[in-house]
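Under my numbering, residues 33 to 314 are what the sequence shown spells out, in order. Glycine is no exception: its CB is placed at the ideal position from the N, C-alpha and C atoms. Because the structure is a prediction, the values reported are computed rather than measured. Before any comments, here is the structure.
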Amino acid sequence: MSSSLRSAAARPMLVTALLAALAGCASTAEPGTTPVEASVTTKAVGYLQGSAVPDSLALVPAPPAAGSAGFALDEQVSREARALRGSPRFDQAHRDAELAFPAGANQFSCAIDVDVDAVKTPALYRLLERSRIDASAATRTAKKHYQRARPFMVNGEPTCSPEDEQDLRGNGSYPSGHTSIGWAWALILSEIAPDRADAIQARGRNYGESRLVCNVHWQSDILEGRFMGAAAVARLHDNAAFNSDLLAARKEIAAARKAGLHSARDCAAEEAVLKVRPASTL
Numbered sequence: 033m034s035s036s037l038r039s040a041a042a043r044p045m046l047v048t049a050l051l052a053a054l055a056g057c058a059s060t061a062e063p064g065t066t067p068v069e070a071s072v073t074t075k076a077v078g079y080l081q082g083s084a085v086p087d088s089l090a091l092v093p094a095p096p097a098a099g100s101a102g103f104a105l106d107e108q109v110s111r112e113a114r115a116l117r118g119s120p121r122f123d124q125a126h127r128d129a130e131l132a133f134p135a136g137a138n139q140f141s142c143a144i145d146v147d148v149d150a151v152k153t154p155a156l157y158r159l160l161e162r163s164r165i166d167a168s169a170a171t172r173t174a175k176k177h178y179q180r181a182r183p184f185m186v187n188g189e190p191t192c193s194p195e196d197e198q199d200l201r202g203n204g205s206y207p208s209g210h211t212s213i214g215w216a217w218a219l220i221l222s223e224i225a226p227d228r229a230d231a232i233q234a235r236g237r238n239y240g241e242s243r244l245v246c247n248v249h250w251q252s253d254i255l256e257g258r259f260m261g262a263a264a265v266a267r268l269h270d271n272a273a274f275n276s277d278l279l280a281a282r283k284e285i286a287a288a289r290k291a292g293l294h295s296a297r298d299c300a301a302e303e304a305v306l307k308v309r310p311a312s313t314l
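Okay, here's the thing in structure tokens:
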């Protein structure tokens, strides 16, 4: 067979191989489920990819060692928080444990005084869901490295979310992913709704404190969780898609204000419950 004939015969095989390779690339590019804090997964993806995600192992110190003054404070706060078991604050901690969307989208609805809805406020919904993934990812390297035992694993007492305990046992306590998410949301929402900034930041703080009341985190987990949430938001501000959604969400909030819309939750009752705090929290 001549070289020209051999070349023509090989062409269909090359085309087939190329199409197969492209199909493989397309399938791997399709987003799958992304883990967010223990048992919660989502089909959404974060804004940050690869090295853009803050490295908690490089940014936070080691957790307090057993016998140290830092761990003694962790234990004291944990005892005070566990005293709230069975109270309305404990019930609120159970509600605050919910991160899966759509329910998770409204954890801050009282603070912003607007209900978040995938249809009515799509940019805000998307902003919260995607930034949730980024703030959770920002805690991952330290969690995996230290594999710190959670309070309920040490004290043997119940948590506010027994349905999560099996997954939590294999997910390091330090730093707190829920707190990182809550504080990231507080910072982002304060930009979107500056008229509600004090209420939003107070909610960011007590959202993390719910993890103390739930008996699933130590105070030092909470403090470094806030730090990693702030680190994630700093990185997000260099992301074009995040900034686009931030601007669109701000317009949605403004439209809701103009229309006279408010959160449908019993916000007065929630605010009263959230004022109850363990005495020694920082």
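Span of the beta strand (DSSP E) holding V68?
Position 36 of the sequence shown, counted from the start, is the residue given in the question as residue 68. From DSSP, the beta strand (DSSP E) with V68 extends over 66 to 68.
Below 9 Å between beta carbons: does that hold for V245 and D196?
What you label residue 245 is simply residue 213 of the sequence shown in a count that begins at 1. What you label residue 196 is simply residue 164 of the sequence shown in a count that begins at 1. No, Cβ-Cβ distance for V245 and D196 is not below 9 Å.
Residue nearest to K75 in terms of C-alpha spacing, selected from E189, C299, F133, E241
Within the sequence shown, numbered from 1, the residue matching residue 75 stands at position 43. Residue F133 is the option with its Cα nearest to K75.
Quick one: give me the first and last residue of the beta strand (DSSP E) that V72 is part of.
Working through the sequence shown from its first residue, we reach residue 72 at position 40. First-last of the beta strand (DSSP E) with V72: 72 to 74.
With a 10 Å radius around its C-beta and 16 neighbouring C-beta atoms as the bar for buried, classify G118 as buried or exposed.
On the sequence shown, residue 118 is found 86 positions in, with the first residue counted as 1. Looking at its Cβ environment, which holds fewer than 16 other Cβ atoms inside 10 Å, G118 is exposed.
Roughly how far, in whole angstroms, is the beta-carbon of N139 from the beta-carbon of D147, given that I think they are within contact range, below 8 Å?
By one-based count along the sequence shown, residue 139 stands at place 107. By one-based count along the sequence shown, residue 147 stands at place 115. The sequence as given places Gln at residue 139; Asn does not occur at that position. That pair is no contact at about 12 Å.
Which residues mark the beginning and the end of the alpha helix (DSSP H) in which P154 is found?
Numbered from its first residue, the sequence shown carries residue 154 at position 122. Looking at the DSSP string, the run of the alpha helix (DSSP H) that includes P154 is 154 to 169.
DSSP three-state call for F103: helix, strand or coil?
Position 71 of the sequence shown, counted from the start, is the residue given in the question as residue 103. Three-state DSSP puts F103 in a helix.
Is the Cβ of Y239 closer than 9 Å to any Cβ of chain B?
Absent from the structure: chain B. Only one protein chain is present.
Anticipated Cβ contact below 8 Å, I254 with G240, distance rounded
For the purposes of this step, residue 254 is identified with residue 222 of the sequence shown, where counting begins at 1. For the purposes of this step, residue 240 is identified with residue 208 of the sequence shown, where counting begins at 1. Indeed they touch by this definition, with Cβ atoms about 5 Å apart.
Compute the Euclidean distance between the alpha carbons of K290 and A273, then round it to the nearest angstrom.
Against the sequence shown, residue 290 aligns to sequence position 258. Against the sequence shown, residue 273 aligns to sequence position 241. Distance between the alpha carbons of K290 and A273 is about 26 Å.
Out of T313, L306, S312, state which residue places its alpha-carbon closest to the alpha-carbon of A125.
Along the sequence shown, one-based indexing puts residue 125 at 93. For A125, the nearest C-alpha among the options comes from L306.
For G214 and Q251, the rounded distance between their alpha carbons:
Your numbering for residue 251 matches position 219 in the sequence shown. Your numbering for residue 214 matches position 182 in the sequence shown. Each residue's alpha carbon lies about 15 Å from the other.
Give the single residue among S276, A300, A174, Q179 whose Cα lies nearest to the Cα of P93.
Along the sequence shown, read from residue 1 onward, the residue named residue 93 stands at position 61. Comparing Cα-Cα distances from P93 to each of S276, A300, A174, Q179, the minimum goes to A174.
Just to confirm my understanding: we take A53, look at its own chain, exclude 5 residues before and 5 after, and list those with CB closer than 7 Å. What are they?
Translated into positions along the sequence shown, residue 53 becomes position 21. For A53, the pLDDT reaches just 42, beneath the cut-off of 50, and the residue's location in the model is therefore unreliable, although a value from the coordinates is still provided. Nothing meets the Cβ criterion.
Quick one: what does DSSP say I190 is sitting in, helix, strand or coil?
Sequence index remark: in the sequence shown, residue 190 carries index 158 (1-based). The question names Ile, yet the displayed sequence has Pro at residue 190. If DSSP states are grouped into helix, strand and coil, P190 belongs with coil.
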